[in-house]
Structures are given as C-alpha cells and as structure tokens.
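Engineer:
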Amino acid sequence: YDISPNMITFASSLFRKDTFTNLLFQEGDIAILPFRDQFDLAVAFCSLHYVVEQQKALAAIHKSLGPKGKLLFVGPGRDSTSVANISETLIKSEKWAAHFPHFSKQRVYYTKDEYIACLQEAGFEPIYFDVTHDRVTFANKQALISWLRPIVNYISHLSESLQQDFLADLASIMMQSAI
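Under this note's numbering, residue 181 is the last one in the sequence shown; the count climbs by one each step, no gaps.
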C-alpha cells in the first residue's frame with residue numbers, strides 16, 4: 003500500500019501477479035487503510051517517517067492485522083545529527099527562511115520511547131525494539147551532496163543554483179557535526 007502511483011508501478015513490475023500470487027500492490031493513504039483483520043504480517047521498511055499522521059497510520063495498520071498479526075517496522079529515529087533535523091534548522095536560518103515560506107514538516111521522527119508509546123497507543127505490544135546508529139562515510143563533500151540530493155526532495159522549487167547552495171550548506175553542517 004503506497005500513496006505514490008510510481009511506487010505501485012515499480013513494485014508491480016518487480017513482483018508480477020502471475021508469479022507472486024499472494025502479493026497485492028494498491029495506491030492509497032496508509033492512515034485510512036480499508037482492511038480489517040486481514041493480514042498476518044505488515045512490513046513498514048523505512049517508510050513510516052514519511053507519514054505525518056503516524057499515529058493514525060499505526061492504528062490503521064493494527065486494525066488491518068488479524069488476531070495474531072505482527073508488524074515489522076524498521077525506520078530512522080530522531081537524532082540531532084539526522085538529515086531531517088539539520089535541514090529543518092537550515093531552512094529556518096536567516097539565509098534560507100525566505101526561500102521556504104510555506105515549508106511544513108515532511109517527515110516525522112521519534113525517539114525509542116516515543117515510538118514504543120505510539121505503538122502501544124495503536125494497540126501493538128512491542129516484542130523487540132532496538133536502536134542503532136550507523137555512521138556513514140563519504141569519500142568527499144561532493145559524494146555526500148550526491149547522496150543527499152534525492153533525500154532532500156523539498157528543494158525542487160528552488161533554482162538549480164540555489165539547490166546546489168542549499169545542499170552544499172547542508173553537507174558542510176553535516177560534515178562539521180560528524181567531527
């Protein structure tokens with residue numbers, strides 16, 4: 003289930019109906035899933051942080067699962083050095099605020115305790131929850147910028163030159179915070 007028609011097309015092309023008869027790809031809003039007591043397993047792999055209404059999404063997922071259904075959830079947590087936190091701070095800076103007059107939070111991140119509370123509020127009983135911090139190393143600043151470009155998808159309204167400047171500023175801050 004995905005809100006993006008492009009992702010549905012992509013997934014459907016990889017896992018064809020004639021070969022994978024137990025898989026179904028549908029476009030829709032995860033916060034209003036039309037399923038009830040239907041699945042044994044739901045998987046959210048690095049996707050729920052894109053859903054601003056996470057509590058509604060988790061409750062909808064819980065309702066879609068059968069009595070012994072489980073959720074496998076993998077996603078980034080809140081961290082002061084995350085791309086999201088650093089870029090939101092940069093967007094609010096004096097240099098960049100005027101370029102983002104209508105910016106709204108694009109992603110939601112929680113701490114471990116906040117995630118566990120959200121899961122419990124949605125009706126889940128967490129069996130295992132772990133937090134890891136992976137350090138990613140890049141050959142140079144340009145490699146970091148190349149990695150950031152598809153992730154920082156809220157700069158498309160900027161000119162190419164301003165996009166480059168924003169990404170360079172973001173990369174500089176990230177490199178400084180990694181020291």
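We treat Cβ as the ideally placed atom computed from N, Cα and C, and that holds for glycine.
Val53 and Ala61 - do their beta-carbons sit closer together than 9 Å?
Structural biologist: Working through the sequence shown from its first residue, we reach residue 61 at position 59. Working through the sequence shown from its first residue, we reach residue 53 at position 51. Not a contact, by the Cβ cut-off of 9 Å.
Engineer: With 16 as the cutoff for other CB atoms within 10 Å, does Leu164 come out buried or exposed?
Structural biologist: The residue labelled residue 164 in the question sits at position 162 within the sequence shown. It counts as exposed.
Engineer: Based on the DSSP secondary-structure assignment, which residues constitute the bridge partners of Glu96?
Structural biologist: Within the sequence shown, the letter at position 94 stands for residue 96. Glu96 pairs with nothing; no bridge assigned.
Engineer: In terms of residue numbering, what span does the alpha helix (DSSP H) encompassing Ala62 cover?
Structural biologist: In the sequence shown, the residue the question calls residue 62 occupies position 60. Where Ala62 is concerned, the enclosing alpha helix (DSSP H) stretches over 56 to 66.
Engineer: Measure how close the beta-carbons of Leu50 and Gln57 come, nearest whole angstrom, since I'm counting them as under 8 Å.
Structural biologist: Position 48 of the sequence shown, counted from the start, is the residue given in the question as residue 50. Position 55 of the sequence shown, counted from the start, is the residue given in the question as residue 57. Actually they do not touch by this definition, with Cβ atoms about 11 Å apart.
Engineer: Shortest alpha-carbon distance to Leu73 belongs to which of Gly79, Lys65, Asp31?
Structural biologist: Taking the first residue of the sequence shown as position 1, residue 73 is located at position 71. Answer by Cα proximity: Lys65.
Engineer: Hey, quick one: how far does the beta strand (DSSP E) through Ala124 stretch, first residue to last?
Structural biologist: Locating residue 124 in the sequence shown gives position 122, counting from the first residue. That residue, Ala124, is in no beta strand (DSSP E); it is neither H nor E in DSSP.
Engineer: Beta strand (DSSP E) containing Asp42: first to last residue?
Structural biologist: By one-based count along the sequence shown, residue 42 stands at place 40. Here the beta strand (DSSP E) through Asp42 covers 41 to 47.
Engineer: Going by the CB atoms, is the gap between Thr83 and Ser6 shorter than 9 Å?
Structural biologist: Position 4 of the sequence shown, counting from 1, holds the residue named residue 6. Position 81 of the sequence shown, counting from 1, holds the residue named residue 83. No, these two residues do not count as a Cβ contact at 9 Å.
Engineer: Alpha carbon to alpha carbon, what distance is there between Glu162 and Ile147?
Structural biologist: If you number the sequence shown from 1, residue 147 lands on position 145. If you number the sequence shown from 1, residue 162 lands on position 160. If you take the alpha carbons of Ile147 and Glu162, they lie about 13 Å apart.
Engineer: Straight-line CA distance for Val45 to Val76?
Structural biologist: Residue numbering aside, residue 45 sits at position 43 when the sequence shown is read from its first letter. Residue numbering aside, residue 76 sits at position 74 when the sequence shown is read from its first letter. Each residue's Cα considered, the two are about 8 Å apart.
Engineer: Can you name the residues that DSSP bridges to Val133?
Structural biologist: Counting from 1 along the sequence shown, the entry for residue 133 is found at position 131. For Val133, which the question treats as bridged, DSSP gives no partner whatsoever.
Engineer: Tell me, which residues are paired with Asp171 by DSSP?
Structural biologist: To locate residue 171, count along the sequence shown from 1; it is residue 169. In the DSSP output, where bridge partners are listed per residue, Asp171 has none listed.
Engineer: State yes or no: is the C-beta of Gly79 within less than 9 Å of the C-beta of Tyr130?
Structural biologist: What you label residue 79 is simply residue 77 of the sequence shown in a count that begins at 1. What you label residue 130 is simply residue 128 of the sequence shown in a count that begins at 1. No, these two residues do not count as a Cβ contact at 9 Å.
Engineer: Leaving out five residues on either side along the sequence, give the residues of the same chain with a beta carbon under 8 Å from the beta carbon of Ser98.
Structural biologist: In the sequence shown, the residue the question calls residue 98 occupies position 96. Residue identity differs from the one stated: residue 98 is Trp in this sequence, not Ser. Answer for Trp98: Leu92, Phe168, Asp171, listed in chain order.
Engineer: By a C-beta neighbour count over all protein chains shown, 10 Å radius and 16 as the cutoff for buried, is Ala13 buried or exposed?
Structural biologist: Taking the first residue of the sequence shown as position 1, residue 13 is located at position 11. Counting Cβ neighbours within 10 Å, Ala13 comes out exposed, since fewer than 16 surround it.
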